[in-house]
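What follows is a set of notes on a single structure, which appears directly below.
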Amino acid sequence: MADHTALRRTSYFLVPAALIAALVFFWNWDWFLPLVMSRASAAIGRPVTAEHLHVKLGRVVSVVLDGVELPNPDGFDGQAPFARIAHLGADVEALTFARTRNLVIPQITVEAPAINATARDDGAINYAIHIQPIAEDSAAPKPAGPQIGRLTIRDGTARVVIPKFKTDATATIMTQDAAQTTVDGSVSNAGQDSQIVVELKGMYSSQPIAGKLIGGALLSLRDTAKPYSIDLRMANGPTQITLVGTVQDPVAFAGADLKLDLKGPDMALLYPLTGIPLPKTPTYRLGGQLDYADRKIRFRDFTGLIGTTDIAGTIAIDPGPQRQDVTADLHSKAVDLEDLGGFIGSEPGRSSDPNMTAEQRSKLAKAVASSQLIPNTPINLPKLRTADIHLKYKGDKIKGRNVPFDRIEVAMDIVDGHITLHPVALGVGTGAITAQVDLTPEAGDVVHAKADVQIRQLDVSRMLSATHLVSGAGRLGGQATIDTRGNSLAAMLGAGNGKLDLYMSGGNLSALLVDLSGLQFGNALLSALGIPERAQLQCLIGQFALQRGVLSTKTMLIDTNESIISGSGDIDLSQEKLNYQIKTETKHFSIGSLPAPIGISGSFKNPSIGPDLLRLGVRGGAAVGLGFLLPPLALLPTIQLGVGDDHRCGRLMSRK
Numbered sequence: 001m002a003d004h005t006a007l008r009r010t011s012y013f014l015v016p017a018a019l020i021a022a023l024v025f026f027w028n029w030d031w032f033l034p035l036v037m038s039r040a041s042a043a044i045g046r047p048v049t050a051e052h053l054h055v056k057l058g059r060v061v062s063v064v065l066d067g068v069e070l071p072n073p074d075g076f077d078g079q080a081p082f083a084r085i086a087h088l089g090a091d092v093e094a095l096t097f098a099r100t101r102n103l104v105i106p107q108i109t110v111e112a113p114a115i116n117a118t119a120r121d122d123g124a125i126n127y128a129i130h131i132q133p134i135a136e137d138s139a140a141p142k143p144a145g146p147q148i149g150r151l152t153i154r155d156g157t158a159r160v161v162i163p164k165f166k167t168d169a170t171a172t173i174m175t176q177d178a179a180q181t182t183v184d185g186s187v188s189n190a191g192q193d194s195q196i197v198v199e200l201k202g203m204y205s206s207q208p209i210a211g212k213l214i215g216g217a218l219l220s221l222r223d224t225a226k227p228y229s230i231d232l233r234m235a236n237g238p239t240q241i242t243l244v245g246t247v248q249d250p251v252a253f254a255g256a257d258l259k260l261d262l263k264g265p266d267m268a269l270l271y272p273l274t275g276i277p278l279p280k281t282p283t284y285r286l287g288g289q290l291d292y293a294d295r296k297i298r299f300r301d302f303t304g305l306i307g308t309t310d311i312a313g314t315i316a317i318d319p320g321p322q323r324q325d326v327t328a329d330l331h332s333k334a335v336d337l338e339d340l341g342g343f344i345g346s347e348p349g350r351s352s353d354p355n356m357t358a359e360q361r362s363k364l365a366k367a368v369a370s371s372q373l374i375p376n377t378p379i380n381l382p383k384l385r386t387a388d389i390h391l392k393y394k395g396d397k398i399k400g401r402n403v404p405f406d407r408i409e410v411a412m413d414i415v416d417g418h419i420t421l422h423p424v425a426l427g428v429g430t431g432a433i434t435a436q437v438d439l440t441p442e443a444g445d446v447v448h449a450k451a452d453v454q455i456r457q458l459d460v461s462r463m464l465s466a467t468h469l470v471s472g473a474g475r476l477g478g479q480a481t482i483d484t485r486g487n488s489l490a491a492m493l494g495a496g497n498g499k500l501d502l503y504m505s506g507g508n509l510s511a512l513l514v515d516l517s518g519l520q521f522g523n524a525l526l527s528a529l530g531i532p533e534r535a536q537l538q539c540l541i542g543q544f545a546l547q548r549g550v551l552s553t554k555t556m557l558i559d560t561n562e563s564i565i566s567g568s569g570d571i572d573l574s575q576e577k578l579n580y581q582i583k584t585e586t587k588h589f590s591i592g593s594l595p596a597p598i599g600i601s602g603s604f605k606n607p608s609i610g611p612d613l614l615r616l617g618v619r620g621g622a623a624v625g626l627g628f629l630l631p632p633l634a635l636l637p638t639i640q641l642g643v644g645d646d647h648r649c650g651r652l653m654s655r656k
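Position 254, counted from 1, in the sequence shown is what the working numbering calls 254; the numbers after and before it change by one each time, with no gaps.
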């Protein structure tokens, strides 16, 4: 009986021990894979699989997952999975968690992670991941986040293929110990945090892309007590970008002390990188500070050159829920208007710019050789709709010996492709030409354009000095309107309707201008005949009508104390053709003039200016014939009796 009782007691001990021994011997951590995968799948909203689970128990528990894979969504069959990690391991301090419920992870190791992000031609993507929020009890205290000691990445790769953007680029990703130069000049990694190193190569937006990023330790991203270092060097085609500095709080992009340098042949090439629809520019270089404030990324206090034009200012970008909202406040001390030609669709820059590329020189030479003067580059409405832009620009001085303008000021808004200029102003002396312009997108690629131009106190001396031929003084005023449709500047002007009115009273014009159509024999003869070098201007009035791109003359008179100059004809903006005549009638008796109208014809780029040869030939032939008979009689055909003190222009001005 005693033996039976002892045997039964022994079995009570041996059976559990045997079961435990069997459990330990046959234990397989893969039994927990379904639980782990279901939790991970629920968290990211996409199935997650793994091949094996390894756990090593101890004071520090080591957990390793092999063959972790995140598959593609439906529609990407036959392609490599979106993400795969050969080995994903983490060390967890179990005792610390048991005592304090704080999760301390001294080490995370990621081996051979591979990401394949791609998009189809129809716009579907495989990299959209929606992290599911964890339900929390609002009354319960929120647990502290995990404390992670070190993250190690080995042999990581990421490939991005987006056919729509003509992009196929691959990045290698790894961590390395930060190097530190010691006092003796040697390099040591001891005691330094690991750095993330990303090297990129491939094609982006049809341009080769290559770059290298060296960042601080990934696990210090949330350590606001220590600035996170960034050193990025990248080239996308000819565009070069350098970003160096630190960020106090990288997750919130706060406390940034970053220096951004940009340079390249054309700022329009920045569009794929920034999403800002910039016009064509000459070669540029910019440098300034990059930071984040008021929910906007700011490129602030930058300075640089665009072509030969200096530029400074701040650009702020609000990413926005639908499209970017860009605010730019820019300033130039001295601006070359040729550098801004891209804003109206022309080839910007000058061939004398030493930094211009061979391609830019070729395009500029082709534009110069073209018979067309008005740019016909179409407006890219889809591109304009990618961002809302609010621009203020001021140029203190306009460079150029033959440029009649002194300064420029622009305020422009682009909202959903709708462009408003309010205003664009060109200063001339103490006056200005100011335009309010509204460009409204319509069906297709057509833009409905309206412009109201005001000419106020325009300094005639400043305008005429740019010709280096004619001088004068006075103030010119007027206004112009246009209402048109088209998708380029040439198309709009060639189909426009509107008017142009000019007026001026007082001042003076040089004799060269007044007697231009009189074909005076020369300065010596003018002096001998007592004709003054300057003529006092009584008034100027010009009234023109624009109908379907043809600017026709209603009235064109210049009334001086010496002559009356009248103009007639039209200017075809669609064909860029001139058909105009200028006629002078002297007010006083004069000798030595062959009065014949001056004709201005040809194209805008190659105008032809000369007298009416038929009328000139009749009077000139008579003078020559009389000269053979009796030389003094040769002056008879050149004698003008004068129209008297005729104030036609003044009478017209009084009616305004």
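We put the beta carbon where it would ideally sit given N, CA and C, even for glycine.
Note on the region 276 to 308: whole beta strand (DSSP E) runs with a minimum of 3 residues are 284 to 293, 296 to 306, in chain order.
Secondary structure note for Met492: it is in no beta strand (DSSP E), and the uninterrupted alpha helix (DSSP H) holding it is 489 to 494.
Residue range 271 to 274 is occupied by the alpha helix (DSSP H) that includes Tyr271. Asn497 is not a Cβ neighbour of Leu439, given a cutoff of 8 Å. Of the residues Ile389, Thr167, Lys333, Glu93, the one whose Cα lies closest to the Cα of Ser206 is Thr167. A straight-line Cα-Cα distance of about 27 Å links Asp336 and Leu381. According to DSSP, Glu442 shares a beta bridge with no other residue. By the Cβ-count criterion, Asn236 is buried, with 16 or more other Cβ atoms from all chains shown falling within 10 Å of its own Cβ.
Judged by their CB atoms, Asp452 and Ala435 are nearer to each other than the 8 Å cut-off. For Ala312, the closest C-alpha among the options Asp318, Arg323, Ala328 is that of Ala328. Arg59 counts as exposed, since fewer than 16 other beta carbons sit within 10 angstroms of its beta carbon. When Cβ pairs closer than 8 Å are counted between the two stretches, the region 338 to 347 is seen not to touch the region 565 to 584, the count staying below three. Boundaries for Glu576: no alpha helix (DSSP H) harbours it, and the DSSP string shows neither H nor E there. Around the beta carbon of Thr118, 16 or more other beta carbons lie within 10 angstroms, which makes this residue buried.
Take the alpha-carbon of Ser62 and the one of Lys259: they are about 42 Å apart. With respect to the 8 Å criterion, Ala334 and Asp310 are classified as neighbours on the basis of their beta carbons. Every alpha helix (DSSP H) of 4 residues or more that sits fully in the region 374 to 406 is shown, in chain order, as 381 to 384. The residues Thr172, Lys212, in chain order, have a CB closer than 6 Å to that of Glu199 in the same chain once the five nearest residues on each side in sequence are set aside. Residue nearest to Ala367 within the set Asn355, Pro354, Arg350, Arg298 is Arg350 (criterion: CA-CA distance).
Secondary structure of Phe165 (DSSP, three-state): helix. The way I'd put it, the region 275 to 288 does touch the region 299 to 306; three or more beta-carbon pairs between them come closer than 8 Å. Secondary structure of Arg59 (DSSP, three-state): coil. Annotation for His448: Thr440, Glu442, Arg485 place their beta carbon closer than 6 Å to its own, counting only its chain and skipping 5 residues before and after. The beta carbon of Ala114 is closer than 6 Å to those of Arg84, Thr157 in its chain, skipping five residues each way along the sequence.
Arg159 has its alpha-carbon roughly 32 Å from the corresponding atom of Phe32.
Relative to the Cα of Val437, the nearest Cα in the group Asn126, Val410, Leu573, Arg456 belongs to Val410.
By the beta-carbon neighbour count (other beta carbons within 10 angstroms, threshold 16), Val55 is exposed. Taken through DSSP and simplified to helix, strand or coil, Lys226 comes out as coil. Asn116 sits buried, since 16 or more C-beta atoms from the chains shown fall within 10 Å of its C-beta.
As far as DSSP is concerned, Arg361 takes part in no beta bridge. Per DSSP, Leu35 is one residue of the alpha helix (DSSP H) stretching across 33 to 44. Under the DSSP assignment, Ala90 falls in the beta strand (DSSP E) whose first and last residues are 83 to 93. For Asn126, the number of other beta carbons within 10 angstroms of its own is at least 16, and it is reported as buried.
The shortest CA-to-CA distance from Ile482 to any of Gln536, Tyr503, Arg548 is the one to Arg548. Arg295 counts as exposed, since fewer than 16 other beta carbons sit within 10 angstroms of its beta carbon. Residues of the same chain with a CB within less than 8 Å of the CB of Arg361, apart from the 5 flanking positions on each side, are Ser351 in chain order.
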